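Structure first, commentary second.
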Amino acid sequence: MAAARRILVVGGSGFVGQAVCRSALARGWEVLSLSRHGAPERPAADQGRLASGVQWIKGDALRPETFREHLAGCDAVVHSVGVLMENGYKGLVNAGAGSGPSRAAATYEAANRDTALSVAQLARETAGVGAFAYVSAKDTIPFIDPRYISTKREVERELLAHRDRLRPIILRPGFMFSPARPLTLPVAAGVGAFQVLFDRTPLGCVLRGTPLEKAASPALRRELVADAIVAAIDDPQVEGILEIPDIERLGAS
Ligand SMILES: NC(=O)c1ccc[n+]([C@@H]2O[C@H](COP(=O)([O-])OP(=O)(O)OC[C@H]3O[C@@H](n4cnc5c(N)ncnc54)[C@H](OP(=O)(O)O)[C@@H]3O)[C@@H](O)[C@H]2O)c1
Numbered sequence: 017m018a019a020a021r022r023i024l025v026v027g028g029s030g031f032v033g034q035a036v037c038r039s040a041l042a043r044g045w046e047v048l049s050l051s052r053h054g055a056p057e058r059p060a061a062d063q064g065r066l067a068s069g070v071q072w073i074k075g076d077a078l079r080p081e082t083f084r085e086h087l088a089g090c091d092a093v094v095h096s097v098g099v100l101m102e103n104g105y106k107g108l109v110n111a112g113a114g115s116g117p118s119r120a121a122a123t124y125e126a127a128n129r130d131t132a133l134s135v136a137q138l139a140r141e142t143a144g145v146g147a148f149a150y151v152s153a154k155d156t157i158p159f160i161d162p163r164y165i166s167t168k169r170e171v172e173r174e175l176l177a178h179r180d181r182l183r184p185i186i187l188r189p190g191f192m193f194s195p196a197r198p199l200t201l202p203v204a205a206g207v208g209a210f211q212v213l214f215d216r217t218p219l220g221c222v223l224r225g226t227p228l229e230k231a232a233s234p235a236l237r238r239e240l241v242a243d244a245i246v247a248a249i250d251d252p253q254v255e256g257i258l259e260i261p262d263i264e265r266l267g268a269s
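The sequence shown begins at 17 in this note's numbering and counts up by one.
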């Protein structure tokens, strides 16, 4: 039986963050979520359990004074904030999950990098915080602005450079899907079909070396990634960069 822990999930109201909160609650951990709006805007099927189990903190990862006091007593931090497109594709992807205002536009530098660096710095200064899980990404999307990945790699380097003070857990998933967000399912099916074409048909030879090659990576179920994050926090031996096979193994453990 794992020891009870207290974790802060930065972005705990988001797509990935909610699943992390659920997975941690299932282990009996104390869960705090930090986001600008507090509790999730859209109802989830098990919203009642999530709503009562998580302490929803309104604050801004870019403003340490809004969450400093909540880090005290935490064993670990999960960072699950970021944008794939600066002009916000989320309104479309979230359309099947209820109504709600779309999130404010943010730059890659602010959302993907600076929020993480800000929280990680404060985490390093806070006694007792031992692990920092960062939801990075594998470079799987052709033709996306390269700053999506470069800002994430900047954070990874910074976390690894301070590994003596804070155990870095860096996850590099590709596309994530969940039945809770119905529009993610056909995208995941398309990703899977492309991978089969790439791996098992002559088309793969044609596409090798083109920008489309990197799209031949498996989509992951959001809940599996969340379980992998929680399992990684719980195992002091796990640190560094976790690629898709590592995430699959940890998530299934
Ligand atoms: N979804 C995928 O398929 C996928 C694939 C690979 C990697 N990732 C990575 O996974 C991470 C999470 O993605 P997601 O899809 O879960 O995003 P999301 O649904 O948009 O959630 C983002 C969360 O961050 C919060 N947030 C945004 N700015 C903040 C700030 N300044 N301070 C505090 N909280 C803030 C949001 O709440 P408020 O707006 O209320 O602040 C929300 O809770 C990102 O880094 C993304 O790049 C996602």
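Positions of the beta carbon are idealized from the N, C-alpha and C atoms, including for glycine. Bear in mind the structure is a predicted one, so any value in this text is a computation, not a measurement.
Pairwise C-alpha distance: residue j and residue i
i    : j    : result
V212 : A205 : 11 Å
A35  : K154 : 19 Å
I263 : D251 : 13 Å
I186 : S152 : 6 Å
V93  : I165 : 21 Å
L201 : P162 : 25 Å
L269 : R238 : What sits at residue 269 in the sequence shown is Ser, not Leu. Near 15 Å, if we compare the C-alpha coordinates of R238 and S269.
E259 : A242 : 14 Å
L66  : T217 : 44 Å
H178 : E170 : 13 Å
A248 : I23  : 13 Å
R58  : R197 : 11 Å
T123 : M101 : 8 Å
G89  : V203 : 40 Å
G279 : T82  : In the structure as shown, the chain starts at 17 and stops at 269, and residue 279 therefore has no counterpart that could be examined.
E46  : G225 : 47 Å
E255 : V99  : 24 Å
D180 : R84  : 22 Å
S134 : G64  : 31 Å
I257 : L176 : 9 Å
When the options are compared against residue i, the one with the closest alpha-carbon
i    : options                : result
T142 : D91, G98, I185, P56    : D91
A149 : K168, V207, D161       : K168
P234 : Q253, E255, G208, T226 : G208
G275 : E255, R265, V254, V246 : This structure leaves residue 275 out entirely; the chain is present only between 17 and 269.
V97  : E57, G225, A126, V47   : A126
R21  : A122, L87, F159, L266  : L87
P158 : A139, A232, R173       : A232
L199 : L24, F31, V26          : F31
G54  : V26, L175, P80         : V26
A2   : P227, G225, G267, L236 : Only positions 17 to 269 of the chain appear in this structure, which leaves residue 2 out of reach.
E229 : L50, L175, T156        : T156
R129 : Q253, G28, R52, E174   : E174
A77  : A42, A139, A147        : A139
P227 : I160, T131, S51, P261  : I160
G146 : Q253, R265, G28        : Q253
Backbone secondary structure at residue i - three-state DSSP
i    : result
K74  : strand
S39  : helix
P202 : helix
F159 : coil
S29  : coil
V151 : strand
L236 : strand
F83  : coil
R22  : strand
G256 : strand
N103 : coil
F191 : coil
S296 : Within the shown structure, residues of the chain are numbered from 17 to 269, placing residue 296 beyond reach of any answer.
G146 : coil
D243 : helix
R216 : helix
D262 : helix
Opening and closing residue of the beta strand (DSSP E) in which residue i lies
i    : result
V9   : Not covered by the structure: residue 9. The range shown for the chain is 17 to 269.
P184 : 183-187
S51  : 46-51
Endpoints, the alpha helix (DSSP H) within which residue i is located
i    : result
L223 : 219-223
A139 : 131-141
L66  : 63-69
message = I'd like to know if the stretch 186-194 and the stretch 211-229 are in contact, where contact means that at least 3 CB-CB pairs between them fall below 8 Å.
response = no
request  = Evaluate the contact criterion for the stretch 69-79 versus the stretch 22-42: three or more CB pairs, one atom per stretch, below 8 Å.
outcome  = yes
Touching by the beta-carbon criterion (3+ pairs, under 8 Å), the stretch 216-230 and the stretch 178-185 = no
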